[in-house]
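Before any comments, here is the structure.
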Amino acid sequence: MTIGAVCKALRHEFPDISISKIRYLEDQKLLMPRRTPGGYRL
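So in the numbering used here, the last one in the sequence shown is 40, and the numbering has no gaps at all.
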């Protein structure tokens, strides 16, 4: 799943979510999605 798809999937529950906010949460280890060996979010 791409980060854009994650953003779109979360938008109904979190209207202010953005790609940069998702990346920030991942950097801060507050959001830790499972990833494929190629680095894609599952």
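Every residue gets a Cβ at the ideal spot worked out from N, C-alpha and C, and that includes glycine. All figures in this text were calculated on a predicted structure; none of them were measured in a lab.
Status (buried if at least 16 other CB within 10 Å, exposed otherwise) for residue i
i	result
I17	exposed
Anticipated Cβ contact below 8 angstroms, residue i with residue j, distance rounded
i	j	result
I1	L8	No, I1 and L8 are not in contact; Cβ-Cβ is about 11 angstroms, not under 8 angstroms.
L40	M(-1)	7 angstroms
Assigned secondary structure, residue i (DSSP; H/G/I helix, E/B strand, else coil)
i	result
R39	strand
R33	strand
L43	There is simply no residue 43 to check, as the chain begins at -1 and stops at 40 in what is shown.
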